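Okay, structure first, notes after.
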Amino acid sequence: MHQKTLTELIQSLQNKDVSSIELTQHYLDRINSLDSSVNSYITVTADRALEQARAADTLLANGEATSPLTGVPLAHKDIFCTDGVRTSAASKMLDNFIAPYNATVIEKFNQAGTVSLGKTNMDEFAMGSSNENSFYGAVKNPWDLERVPGGSSGGSAAAVAAHLAPAATGTDTGGSIRQPAAFCGLTGLKPTYGAVSRYGMIAYASSLDQAGPMARTAEDAALMMNVMAGFDAKDSTSIQREHDNYVADLDKGLDGLKIGMPKEYFSDQLDSNIAAAIDAAVKTYESLGATIQEVTLPQTQNAIPAYYIIAPAEASANLQRFDGVRYGHRCDDPRNLEDLYERTRAEGFGEEVQRRILVGTYALSAGFYDAYYRQAQKIRRLVKNDFNQAFDNVDLILAPTAPSTAFRIGEKSADPVQMYQEDIFTISVNLAGLPAISLPCGEDAGLPIGMQLIGNAFSDSRLLNAAHKYQQATDWHQRVAAFAKQG
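Per the numbering used here, residue 37 is the first one in the sequence shown, and the count goes up by one each step.
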């Protein structure tokens, strides 16, 4: 059963080939026997999952299911508040925090009748590109247990790639859905900013964070988006517009589709094998009726420095609430209020989180605000202008997702700048608030290669359509890690 896609599991449930209870127990058994090698879950909610599965079976038996996803088990990144369940953001700071309410994303999946298997591991407070920055230990890539799965949604990616969940939620602040999807051979969509509610999602950088689906196919991602997307009055960044039916146009032909290739993304930083895989994907799109032309995104080189000022600045503000007073970790026997703040935050936050808080606080300080933060915001506007000009001439942009395949655990953790360079092809999308999808397009030495398609605002359906048609013409998304074939 675990070899089936989300779409295939939906069909099995509707045909009564399997019950939600049986399916859920199957995944729980796999998690129990295999996840110790991958470390993809922080919290497994077995009792709750079986209770949800029983309720789903009743709905299915009575013909009362309101969503195609009724009865399907999913995993959720441990950044979404879940009523009555530990929600830690992979930090010691929130190790003892039991959320008193549901994030809107969680609530929507509950209303759709899905089953929550548990909360997945991640980089602490979503800060990282490798999932090595977790209080609960590094996540391992199922394709090679000595390599990273990518971050910060590495736990969600590893769980799906190891077939410990058929699909999962993730969040993307600078590439944290797309890069893990690329490293683990999955399909991951970063939606248009504002398309999916951020309410109840623990904030890292509020103007950049966006929730999205991680699955094995574009069709599966579209099914999840039909549940996740939509206006939410509880989220001030939510866009008030009727969301698309993301499944409706999946089979639409690509004749006349204009795809741009940004010349700045094909530099010496890009591995030659990845470049070759992208070139092969381009030929596939041409055979499907698309036309290809070069575009330019000249601010690409400035995106990383701008991002690593803006995101830490917003993190500095968002994380000031974790002070040991109201909830979360609190140091023992504080001498006074200042001692409480200092020791609680020093003990509760990991090294990478502390680094970004310091950078952000510095950038926002009175003497440096104009020199750093204001300038970074100007660059952000220029990045957006680059995309606007490109989309005057093309419908979508095709590019690599990451400059390399999954690297070894510990290989880049001692050099933050080298680690930050892993985001070079993904960060611009977040700065511009655009949608982008990563999907498998090849392999290098047995490791998946990912490419991304980038669209203009609210072209999420077109991205899913283009990804789906590519997957109908190729089989890269059907390749699975040897680890996933166990059981």
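All C-beta atoms, glycine included, are put in the ideal place defined by N, C-alpha and C.
Bear in mind that the values here come from a model prediction, so they are computed numbers and not experimental data.
Counted within 10 angstroms of its Cβ, other Cβ atoms place residue i as buried (16 or more) or exposed
| i | result |
| --- | --- |
| glutamine 246 | buried |
| glutamine 335 | buried |
| valine 453 | exposed |
| leucine 394 | exposed |
| aspartate 422 | buried |
| valine 121 | buried |
| glutamate 182 | exposed |
| alanine 258 | buried |
| glutamate 374 | exposed |
| proline 136 | exposed |
| alanine 97 | exposed |
| glutamate 160 | buried |
| glycine 289 | exposed |
| threonine 102 | exposed |
| serine 352 | buried |
| alanine 197 | buried |
| glutamate 322 | exposed |
| valine 80 | buried |
| valine 331 | buried |
| glycine 99 | exposed |
Chain-order list of residues whose beta-carbon lies under 6 Å from that of residue i (same chain, five-residue window excluded)
| i | result |
| --- | --- |
| asparagine 309 | Asp480 |
| threonine 150 | Leu105, Val108 and Leu110 |
| alanine 313 | Cys477, Gly478 and Ile485 |
| proline 348 | Arg392, Val395 and Gly396 |
| glutamine 88 | Val151 |
| glutamate 143 | none |
| serine 474 | Arg214, Ala217, Ala218, Gly224, Thr437, Gly486 and Gln488 |
Same chain, Cβ closer than 7 Å to residue i, neighbours up to 5 away in sequence not counted
| i | result |
| --- | --- |
| valine 232 | Val141, Gln246, Ala247, Gly248, Met264 and Ala265 |
| alanine 239 | Asp245 and Asn354 |
| valine 54 | Met37 and Ser48 |
| alanine 85 | Thr60, Leu64, Pro109, Val151, Ser152 and Leu153 |
| serine 274 | Gly230, Ser233, Phe267 and Asp268 |
| isoleucine 445 | Glu168, Ala174, Glu182, Arg183 and Val184 |
| leucine 42 | Val108, Pro202, Ala203, Ala251, Asp256 and Leu259 |
| glycine 164 | Gly187, Ser188 and Glu388 |
Residue i beta carbon near the ligand HEM (any heavy atom closer than 7 Å)
| i | result |
| --- | --- |
| serine 242 | With respect to the ligand HEM, the structure shown offers nothing to examine, as it has no ligands at all. |
Where residue i falls: helix, strand or coil (DSSP)
| i | result |
| --- | --- |
| serine 474 | strand |
| phenylalanine 133 | coil |
| methionine 250 | strand |
| histidine 112 | strand |
| glutamate 330 | strand |
| aspartate 428 | coil |
| valine 389 | helix |
| glutamine 39 | coil |
| glycine 384 | helix |
| threonine 94 | helix |
| arginine 66 | helix |
| leucine 434 | strand |
| glycine 149 | coil |
| methionine 163 | coil |
| valine 283 | coil |
| lysine 525 | Nothing can be reported for residue 525: it is not among the residues displayed for the chain, which extend from 37 to 523. |
| methionine 297 | strand |
Beta-carbon contacts of residue i that lie in its chain and below 8 Å, excluding the five residues immediately before and after
| i | result |
| --- | --- |
| glutamate 387 | Asn169 |
| glutamine 329 | Lys294, Ile295, Gly296, Met297, Asn429 and Val430 |
| histidine 504 | Thr253, Ala254, Glu255, Ala258, Leu286 and Asp287 |
| serine 73 | Lys176, Leu181 and Phe519 |
| alanine 509 | Thr320, Ser323 and Leu324 |
| isoleucine 460 | Gln305, Thr336, Ala339, Ile340 and Pro439 |
Residue i versus the options, residue with shortest Cα-Cα distance
| i | options | result |
| --- | --- | --- |
| alanine 126 | Gly186, Asp119 and Asp114 | Asp114 |
| leucine 432 | Leu467, Leu499 and Leu45 | Leu499 |
| alanine 82 | Gln61, Lys226 and Leu70 | Gln61 |
| leucine 130 | Arg391, His513, Gly384 and Ile415 | Gly384 |
| asparagine 132 | Asn167, Ser152, Phe171 and His112 | Phe171 |
| tyrosine 456 | Tyr344, Ser72, Arg214 and Thr156 | Tyr344 |
| alanine 326 | Ala193, Ala241 and Val318 | Val318 |
| aspartate 280 | Ser497, Leu470, Gln39 and Gln147 | Ser497 |
| aspartate 208 | Val465, Arg357 and Arg416 | Val465 |
| alanine 91 | Cys117, Lys521 and Gln147 | Gln147 |
| glycine 173 | Phe302, Leu306 and Asn75 | Asn75 |
| glutamine 276 | Leu42, Phe494 and Lys52 | Phe494 |
| alanine 435 | Glu447, Ala472 and Ala412 | Ala472 |
| alanine 342 | Ile78, Arg357 and Leu467 | Leu467 |
| alanine 284 | Met261, Gly211, Leu376 and Asn424 | Met261 |
| serine 166 | Lys128, Gly211, Leu376 and Gly491 | Gly211 |
| threonine 94 | Tyr282, Ala195 and Ser56 | Ser56 |
| leucine 200 | Asn68, Cys117, Trp179 and Lys226 | Asn68 |
| glutamine 390 | Gln39, Thr118 and Ala162 | Ala162 |
Enumerate, from N- to C-terminal direction, the unbroken beta strand (DSSP E) stretches of 3 or more residues contained entirely within the segment 306 to 370. 327 to 331
If you scan the segment 171 to 226 from start to end, which runs of the alpha helix (DSSP H) of 4 or more residues do you find wholly inside it? 190 to 197 and 214 to 220
Sequence ranges, alpha helix (DSSP H) only - wholly within the segment 444 to 515, length at least 4: Runs of the alpha helix (DSSP H) inside the segment 444 to 515: 452 to 456, 463 to 468 and 496 to 509.
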